[in-house]
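A quick write-up on the structure given underneath.
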Amino acid sequence: DVAEQLTPVLLDGLREESLQLVSKLKDSSSSCAVDVSTMWWEAAGCRELCVVTACESSVSLWKPLASDRWGKVYTWQLGEIPVIQIVPLPDTCNLVCIALGDLEIGEIRLLLYSSENDSFKRSLVKTGNIKAVLGLKDRRLVSSSRTVQEQQVEIVSLSETGRSKDGQTLMPPEETVLAFAEVEGMRDALVGTTAANSIVVWNLKTGQLLKKMHVGYSYPASICHRAYSDSGLLFVVLSHPHAKESESCGNPAFRVIAFNPKTARSTGVTFSSLPPGHAGRYLEGDVKEASAAAVLTSGAIAVWDLLLGQCTALLPPDPDPDPDPDPDPDPAGGWALARWATTSACLLAGQRDGTICLYRY
Amino acid sequence: CSESDLGPISLNWFEELSAEAPP
């Protein structure tokens, strides 16, 4: 019955690309999901892709059981500072970072499992007035933070046991960096988006700021999600939380833009707009490979193929209607989180009540 | 997009910008 209720609405006849509900997990001890992610966990010689859920005061690790069920392995209880987001570290095992703070990130902590003595630990990685953080390949973490006078962009390397090794600083741009993305296939290249709507490119090895390129005035406060270089161009996937609807492009949630880093000129490649007739705008989302997913202000989740610029599936705002309707229902109820697992084959969708649904895409 | 829109394209843009940028 549940699977039937949650069957996503398909658009434009793209029926081969749909979302299939695989399983649900709900932490009975928590009422609200702040973030969800996946991490590899290896214990007793067995390596499994696990789900990590965060509520304001704790982070839990869930392992797959038989019959598409999930069992909680461990919960890290955190202090008085609320958890804001999970910061996954790609291609690592038994390590995940979390960002904590009030309104803004005040500290980043590492949560880890030691298979040597079968114990769960935590350690402090960084404190400060942190504006953006991203886990990079090879157990590295990049963050931007601000003091009154200046901005610091720093890379911290983490060891297998979680201890921070020497950090490296990158040359900061004048504007505050609000998001980072690794340039796929280029180990030493990193891009960021700034508060003044520019893309900046760094050389991670030397710390040099190589280029600053303006995104344009039509789409303020762009956030970078993904970047890759092809045929001498830098392709960047951006989301536009504050984009205004236009006749030519509809209401764009994501755009793929090609930059020529030599000249700083750019051109739009694809627009991924809200489905026709769908009111509201982009709230938050995630990109993996050519797939993008976002929670909309209506409480729905939309999924796009970024190469086609086309919406391929939509989870309606109220996927699991209460048989005894609330007399005062939340008008924007439904979904709160949309995250891809380590591949775009699995979507983790979080409801406002803390339930996480796993969909095969 | 054509090359004329974006200006001259270099496959080695990362190395070239790294050589040009201040250390």
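These protein sequence lines are chains A and B, in that order.
Final position of the first sequence in my numbering is 361; the numbers increase by one with none missing.
Final position of the second sequence in my numbering is 1023; the numbers increase by one with none missing.
All residues carry an ideal CB built from backbone N, CA and C; glycine is no exception.
Remember, predicted model here, so these are calculated numbers, not experimental data.
CB contact flag (residue i, residue j, <9 angstroms)
i	j	result
F259 (chain A)	Y282 (chain A)	no
Q77 (chain A)	I98 (chain A)	no
S37 (chain A)	P82 (chain A)	no
A181 (chain A)	H242 (chain A)	no
Q152 (chain A)	S144 (chain A)	yes
S344 (chain A)	S291 (chain A)	yes
G299 (chain A)	P276 (chain A)	no
T263 (chain A)	K24 (chain A)	no
Per-residue contacts from residue i into chain B (C-beta, under 9 angstroms)
i	result
L209 (chain A)	A1021 and P1022
A189 (chain A)	F1014
R265 (chain A)	D1005, L1006 and G1007
M39 (chain A)	What M39 (chain A) touches in chain B: nothing, since even the nearest Cβ is about 30 angstroms away.
T206 (chain A)	S1018, A1021 and P1023
N203 (chain A)	F1014, L1017, S1018 and A1021
As assigned by DSSP and simplified to three states, the class of residue i
i	result
L209 (chain A)	strand
S273 (chain A)	strand
D1005 (chain B)	helix
L170 (chain A)	strand
L111 (chain A)	strand
L347 (chain A)	strand
E289 (chain A)	coil
V200 (chain A)	strand
E175 (chain A)	coil
Y238 (chain A)	It should be noted that the sequence gives Leu, not Tyr, for residue 238 (chain A). It is a strand residue.
S1010 (chain B)	coil
L136 (chain A)	strand
E1020 (chain B)	helix
E56 (chain A)	coil
P325 (chain A)	Bear in mind that a pLDDT of 49 at P325 (chain A), under 50, signals an unreliable position, so the number given afterwards is only what the model happens to contain. Coil, per DSSP.
E284 (chain A)	strand
E1015 (chain B)	helix
L314 (chain A)	strand
V142 (chain A)	strand
P252 (chain A)	strand
N225 (chain A)	According to the sequence as given, residue 225 (chain A) is His; it is not Asn. Looking at H225 (chain A) - three-state DSSP - the assignment turns out to be strand.
R360 (chain A)	strand
D230 (chain A)	strand
R187 (chain A)	coil
L124 (chain A)	strand
S28 (chain A)	coil
L10 (chain A)	Here L10 (chain A) scores only 45 on pLDDT, less than 50, and its place in the model should not be relied on; the value that follows carries that caveat. Coil at L10 (chain A), not helix or strand.
D330 (chain A)	For D330 (chain A), the predicted model reports a pLDDT of 45, less than 50, meaning its position is unreliable; a value from the coordinates is still stated below. Three-state result, D330 (chain A): coil.
L61 (chain A)	strand
A44 (chain A)	coil
Within chain B, partners of residue i - CB distance below 7 angstroms
i	result
K72 (chain A)	Ordered by position in chain B, no residue passes the 7 angstroms Cβ test against K72 (chain A), which lies about 44 angstroms from the chain.
G232 (chain A)	I1009, S1010, L1011 and W1013
M186 (chain A)	F1014
Per-residue contacts from residue i into chain B (C-beta, under 8 angstroms)
i	result
K262 (chain A)	G1007, P1008, I1009, S1010, W1013, E1016 and L1017
T399 (chain A)	Nothing can be reported for residue 399 (chain A): it is not among the residues displayed for chain A, which extend from 1 to 361.
Identity of the residues DSSP links to residue i by a beta bridge
i	result
G192 (chain A)	A:F180 and A:V200
E338 (chain A)	Position check: residue 338 (chain A) holds Ala in this sequence, whereas Glu was assumed. Answer is A:A349.
R35 (chain A)	It should be noted that the sequence gives Asp, not Arg, for residue 35 (chain A). Partner(s): A:A54.
S157 (chain A)	A:R140
V295 (chain A)	A:E284 and A:I301
P261 (chain A)	Answer is none; P261 (chain A) lacks a bridge partner.
T267 (chain A)	A:A258
(request) Any chance you could list the alpha helix (DSSP H) runs of at least 4 consecutive residues sitting entirely within the segment 71-119 of chain A, in chain order? (result) none
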